[in-house]
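Before any comments, here is the structure.
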Amino acid sequence: MNTTQFPAFDRSRLRLRPLSERTHDMSLAETMDLEFPGVAAEPFATVGRAMRQARRDGASVILMMGAHVIRAGTQRFLIDLMEQGLITCLAVNGAGVIHDFELALGGATTESVREYLRDGRFGLWNETGTINDIVSRAAADNDGIGSAMGRFIEEAGLPHQDLSVLAAAHRFGVLATCHSCIGQDIVHEHPNCDGAAWGKASYLDFLRFAAQVERVEGGVCLNLGSAVMGPEVFLKALAMARNVAATEGRAIDRFTTLVTDLADLPPDSSVEPPKSDHRYYFRPWKTLLSRSVASGGTSHYAQAPHRVSVPQIWAAATGRP
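Under numbering that gives the first Met the number 0, the sequence shown has 99 at position 100, and the numbering climbs by one with no breaks.
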């Protein structure tokens, strides 16, 4: 087959606009203060105790999250958890990197898809494309996306770096990983996007993430609002970690998982639903609440918005009464 019959989109024809022209749906004014929300409820209290014990034992505490956790304004709680050494790995998707960078740069993020898609402005903002340059440098330096972004935000002195979770991870020595899907994020629209660089740097992040999963025996894995990235990345990393552990006479069975989302799940979510139930395709349930802990772990589910769940996790993990 002559593959030249399939033309590629010519990105040189694109017109990028400055972020100053964009109306933002979220600003730093919406970030929550670091305030005690009251007595931590279950299952947060139990998970918080497990997080503290895991860190005493030197086990991993992995926090995987969707980008809406950042958009919910919970940054101060996440940053404080990292500063106190209660998180060893912060895993985000590509949108999480974008929102964190835009907030650190301009104090605002999130655009209206409905408004900007009409005339093709959606995602094509000049300053946001800087992320592609950072990723290209990361790949050239054999670095991951998460650590490179945090280092850039910190060292470049972006105006609002104090509320960047990636900069905080860099500052406190916490592994930050970005698990990207090519074509899924607005920066992939840009002419300066190097798909090979994204693939190389994101794959290194996956391997670094898998090394954290190797240490999750006795540890904790939190999945906040990530319906696909979190459970799928953890699933593959856990398979790799258990494969090696089996050859070394070890087990990775005893750990705690917490999923927070808005899905309506039954009280006992440790048993996965049948395929006839549409919720079977909600990956956090079958992967993180059932299959991965079936050989000795413990799972918990909390149906709550991020502005409720994240402060509760923080209160419980930091030992608030």
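Built from N, CA and C at the ideal position, the CB exists for glycine as well.
Beta-carbon proximity of residue i to residue j, cut-off 8 Å
i, j, result
"residue 27", "residue 313", "no"
"residue 67", "residue 305", "yes"
"residue 205", "residue 178", "yes"
"residue 293", "residue 47", "no"
"residue 61", "residue 96", "no"
"residue 173", "residue 89", "yes"
"residue 296", "residue 254", "yes"
"residue 162", "residue 102", "yes"
"residue 282", "residue 226", "yes"
"residue 301", "residue 36", "no"
"residue 200", "residue 143", "yes"
"residue 288", "residue 259", "no"
"residue 92", "residue 239", "no"
Under the three-state DSSP convention, the category residue i falls into
i, result
"residue 3", "helix"
"residue 222", "strand"
"residue 66", "coil"
"residue 96", "helix"
"residue 61", "strand"
"residue 23", "coil"
"residue 108", "strand"
"residue 90", "strand"
"residue 319", "coil"
"residue 175", "strand"
Range of the contiguous alpha helix (DSSP H) that encloses residue i
i, result
"residue 372", "Residue numbering for the chain in the displayed model covers 0 to 320; residue 372 lies beyond these limits and cannot be assessed."
"residue 315", "305-316"
"residue 229", "228-246"
Where the beta strand (DSSP E) containing residue i begins and where it ends
i, result
"residue 160", "Unbroken run through residue 160: none, as it is neither H nor E."
"residue 258", "255-260"
"residue 300", "297-302"
Distance cut-off 7 Å: residue i Cβ against heavy atoms of the ligand MN
i, result
"residue 294", "Annotation note on the ligand MN: not contained in the displayed structure, which lists no ligands."
Burial state of residue i, where buried means 16 or more other Cβ atoms lie within 10 Å
i, result
"residue 13", "exposed"
"residue 274", "exposed"
"residue 4", "exposed"
Bridge partner(s) assigned by DSSP for residue i
i, result
"residue 180", "Note: residue 180 sits in no beta bridge, so no partner."
"residue 284", "Answer by DSSP bridge pairing: none, since residue 284 is not bridged."
Neighbour flag for residue i against chain D, beta carbons, 8 Å
i, result
"residue 95", "Given the protein chain composition of this structure (a single chain), no chain D is represented."
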